[in-house]
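Residue numbers (our numbering): 253 to 974.
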Amino acid sequence: MTEHPDIVAVMVGVAVEGPYSYSVPPGMRVERGSIVAVPLGPRLTLGVVWGPPKDTIAHNRLRAIAQSYDVPPLSEELLKLVDWVARYTLAPPGQVLRAVLRSSEALDPPRPVIAYRRTGYEPEKLTPARLRVLDTLTDDMPLPRAALLGAAGVSQSVLDGLERAGALEKLEIPPPPVALPPDPDEGVARLNPEQQAALEQVTALDPHEFGVALLDGVTGGGKTEVFFEAVADTLRVGRQALILLPEIALTHTFLDRFTKRFGTRPAEWHSEMTPLQRARVWRGVLDGTVRAVVGARSALFLPFRELGMLVLDEEHDGAYKQSDGVNYHARDMAIVRARFAKARVILSSATPSVETRNNANAGRYAHVLLTARYAAASLPNITAIDMRLDGPEKGQWIAPTLAREVFAALDRGEQALLFLNRRGYAPLTLCRSCGHQYQCPDCSAWLVEHRFRGVLMCHHCGHEIRAPKNCAACGDVDALVPVGPGIERIAEEAAARFPDARRVILSSDMGTNAQLRERFSEITRGEYDLIIGTQLVSKGHHFPKLSVVGVLDADLGLAHGDPRAAERTFQILTQVAGRAGRASQIGKAFLQTYHPDHAVMRAMVTGDREAFYAHELAAREAGILPPFGRLAALIVSANEPDIAMNFARRLLSAAPMTERVRLFGPADAPVAMVRGRHRVRLLVQSSKEFDLSGYVRFWLQSAERPTGNLRVQVDIDPVSFM
Ligand code: ADP
Ligand code: ZN
253 MTEHPDIVAV
263 MVGVAVEGPY
273 SYSVPPGMRV
283 ERGSIVAVPL
293 GPRLTLGVVW
303 GPPKDTIAHN
313 RLRAIAQSYD
323 VPPLSEELLK
333 LVDWVARYTL
343 APPGQVLRAV
353 LRSSEALDPP
363 RPVIAYRRTG
373 YEPEKLTPAR
383 LRVLDTLTDD
393 MPLPRAALLG
403 AAGVSQSVLD
413 GLERAGALEK
423 LEIPPPPVAL
433 PPDPDEGVAR
443 LNPEQQAALE
453 QVTALDPHEF
463 GVALLDGVTG
473 GGKTEVFFEA
483 VADTLRVGRQ
493 ALILLPEIAL
503 THTFLDRFTK
513 RFGTRPAEWH
523 SEMTPLQRAR
533 VWRGVLDGTV
543 RAVVGARSAL
553 FLPFRELGML
563 VLDEEHDGAY
573 KQSDGVNYHA
583 RDMAIVRARF
593 AKARVILSSA
603 TPSVETRNNA
613 NAGRYAHVLL
623 TARYAAASLP
633 NITAIDMRLD
643 GPEKGQWIAP
653 TLAREVFAAL
663 DRGEQALLFL
673 NRRGYAPLTL
683 CRSCGHQYQC
693 PDCSAWLVEH
703 RFRGVLMCHH
713 CGHEIRAPKN
723 CAACGDVDAL
733 VPVGPGIERI
743 AEEAAARFPD
753 ARRVILSSDM
763 GTNAQLRERF
773 SEITRGEYDL
783 IIGTQLVSKG
793 HHFPKLSVVG
803 VLDADLGLAH
813 GDPRAAERTF
823 QILTQVAGRA
833 GRASQIGKAF
843 LQTYHPDHAV
853 MRAMVTGDRE
863 AFYAHELAAR
873 EAGILPPFGR
883 LAALIVSANE
893 PDIAMNFARR
903 LLSAAPMTER
913 VRLFGPADAP
923 VAMVRGRHRV
933 RLLVQSSKEF
943 DLSGYVRFWL
953 QSAERPTGNL
963 RVQVDIDPVS
973 FM
């Protein structure tokens, strides 16, 4: 770009294909990355100066940039990331840019806050309330109004009175920073020799170059301690750090650990923040006052200017894949951003994704191992319970062996966890008289009974009905039966079997995030003996008294039969088993299974994760599946099944011919209807080197456009096959 261009290309934050040209009014200075407001149709829209214009439209026909914001321009690496993500996912670049520009409030100058300061004059007669105010303001330093009111315990009228009396001066001060700079030298960890060696391997990566380390360590091995030290190393060289967590709302203890380590709370980025809080974090990241952010996957698009490290905790977690709007995988895009930013990446997990393990095996990532639990803790012993031989009686779900172990743990004063990854009471309600099954009217799914709330509910769309007494089809009384267990049904059985245990049941529908956080704290403090939970309890938590874990249906995840079913099952079983024995007592985990010979169960029981990865990598290679091949899904949906299917067939026949891809489908999606929309899937498979995004783009550009209520969604590297 020339130094003071008079026409520029501006990418607007709406779903359009490319930047538009605008003229730069006299006196305005913009450069690539400048954030501007431009007229688009009847209104002003936020946009970013992208570079020189592509077309040469006569100057007098162009509209002019309305405003250029007084903030630093976006960094080159972030602009490149937007283009890259758009090209890869097939989302319009303007839609990707919207993930960056989400907060327009952040662009205006920060609003000052009202503060009070003592003038030095002290009236003769002082009420106790007035005295408290003056005592709170000890020196000449002004105090923000809210802080003063809180500390002195007075109302605004007391301040007003003191101001009128000439004892207080009211003034405006800049708002305090949204987060203080973390101190890398505050709570430095004393690492054990294995952790120290791991840290040295990570910090051996050049802090000013791109590099990736897989921190592959057992649950409780101290991965968090190690990557905190690596973050400190990044802060010391003057660069910003981003730590991504899969589910930040429930991992509040993580923020406490950060605070202890760095002497101050990190800036946060997640859905529970107010728009104002977000705006302030966004601005702080851009102007460099915020040095470290802990956030959910969308924090990947924050406007860092000096990003030096990205940490992805639990890098294997499915929550990193965004599946509406822009379909991106935060782990993969983090690597892309780090490459542009010349930053280091730490992928941390006890159960790395097969993709990441393959990259480490191939030497593309440094493979950093933590093989032992910290201090006196040892890894749990894992046993499979063969449900064909040792199953519970009919109508029960807890096998005798598991029940005995739970009793024993309770006797020792330890905690036990019963795990089933299914919310509600029963996944199906059936009429014994006529066979009627309760289905969602808008989805191809059964309604799940939630007995605590007295409803049947669809887990795809949220549709609810009051739990019926009589069959809706034949009207018979007392003929409805629940089929199969959900977590509430396990809780019912546990109440009958372990009546003296203090029990808590935990799934995502059991309260607000704040209530759930409170339950986790109570468990940590030992206020419960028996925990009954879904995958909510399997992730990241450190319950020191927990010694026995029972997985009631270890086969549950295998039933899906998609390419990642085995991997996901291995991951969730390892994570939940890994909650046991994290302090000094020996942990035990029991897997109730009908397939004790399955490769996943065998790897779990023998503790041979290398065998699992070897087996899984071989299977993927044989099937040309990721990471040895590539997949893209096209999901065609419409209000009528025939419309979706016929369009998908026409799409298939329009696919560009090449030997280099295989096409599958069209086939009804496993959940064929969601929210009244019928869904048909096409799957494209190619070798690893093939530009699959480019192929699908070319295909869709040359094919018939979807019209009416037809929609085509593209999912490159699909994670879900539902
Ligand atoms: P991971 O992230 O690998 O599951 P954590 O980092 O959560 O492991 O560590 C497990 C537990 O051990 C935590 O309570 C942590 O505070 C403690 N711990 C691990 N390493 C150290 C260390 N070097 N010094 C003190 N405590 C440690
Ligand atoms: Zn539904």
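Backbone N, C-alpha and C fix where the C-beta goes; we use that ideal spot for every residue, glycine too.
Test item, CB below 6 angstroms from any non-hydrogen atom of the ligand MN: Absence of the ligand MN from the depicted structure is noted, with the ligand ADP and the ligand ZN being the only ligands included.
Selection from ALA612, GLY540, MET585 that minimises the alpha carbon distance to SER550: MET585
CB contact flag (GLY830, ALA602, <8 angstroms): yes
Runs of alpha helix (DSSP H) wholly within the segment 303-373 (minimum 4 residues, chain order): 328-341, 345-352
Three-way DSSP call (helix, strand, coil) for SER889 in this model: strand
Distance cut-off 7 angstroms: HIS847 Cβ against heavy atoms of the ligand ZN: no
Cβ neighbour criterion (16 or more within 10 Å) applied to PHE899: buried
Distance CB(ASN722)-CB(VAL733) smaller than 8 angstroms: no
Between the CA atoms of ARG625 and VAL334 - distance to the nearest angstrom: 40 angstroms
Heavy atom of the ligand ZN within 7 angstroms of CYS710 beta-carbon: yes
Residues near TYR340 in its chain [Cβ-Cβ closer than 6 angstroms; skip 5 each side]: SER945
Near the ligand ZN: ALA921 beta-carbon under 7 angstroms from a heavy atom: no
Straight-line gap, ASP322 to ALA465 (C-alpha atoms, nearest Å): 37 angstroms
Runs of beta strand (DSSP E) wholly within the segment 909-957 (minimum 3 residues, chain order): 913-926, 929-939
Residue ranges of each alpha helix (DSSP H) within the segment 591-656, 4 or longer: 606-613, 639-642
Coil, strand or helix - ASP576 by DSSP: coil
Cβ-Cβ distance between LEU528 and GLU357 below 8 angstroms: yes
Beta-carbon proximity of CYS726 to CYS686, cut-off 8 angstroms: yes
Check: HIS930 C-beta below 7 angstroms from any heavy atom of the ligand ZN: no
Collapsed DSSP secondary structure at HIS867 in the structure displayed: helix
Proximity to THR471 [Cα-Cα], best of HIS793, ARG931, ASP967: HIS793
Beta carbon of ALA636 nearer than 8 angstroms to that of THR826: no
Rounded Cβ spacing between ARG370 and ASP387 (contact assumed at less than 8 angstroms): Not quite, the Cβ-Cβ distance comes to about 10 angstroms (not below 8 angstroms), so this is no contact.
Straight-line Cα distance separating ALA855 from ALA863: 6 angstroms
Limits of the beta strand (DSSP E) - the one that LYS840 falls within: 840-845
At least three beta-carbon pairs within less than 8 angstroms, the segment 489-506 to the segment 640-659: no
Bounding residues of the alpha helix (DSSP H) (the contiguous stretch that carries SER773): 765-776
Any non-hydrogen atom of the ligand ZN closer than 7 angstroms to HIS702 Cβ: no
Closer than 7 angstroms: ALA697 CB and nearest the ligand ZN heavy atom: yes
Whole-angstrom distance between LYS573 and HIS951, CA atom to CA atom: Note on identity: in this sequence residue 951 is Trp, with His being the wrong assignment. Looking at the two C-alpha atoms, the distance is approximately 24 angstroms.
Buried or exposed by the 16-neighbour rule on C-beta atoms within 10 Å, applied to PHE750: buried
Near the ligand ZN: HIS504 beta-carbon under 7 angstroms from a heavy atom: no
ASP208 beta carbon near the ligand ZN (any heavy atom closer than 7 angstroms): A query on residue 208 cannot be resolved here, the shown segment of the chain reaching from 253 to 974 and no further.
contact_flag[the segment 564-578, the segment 604-613] where n(CB pairs < 8 angstroms) is 3 or more: yes
Contacting residues, own chain, Cβ-Cβ under 6 angstroms from LYS512 (five flanking each side not counted): GLY439
Heavy atom of the ligand ZN within 7 angstroms of HIS715 beta-carbon: yes
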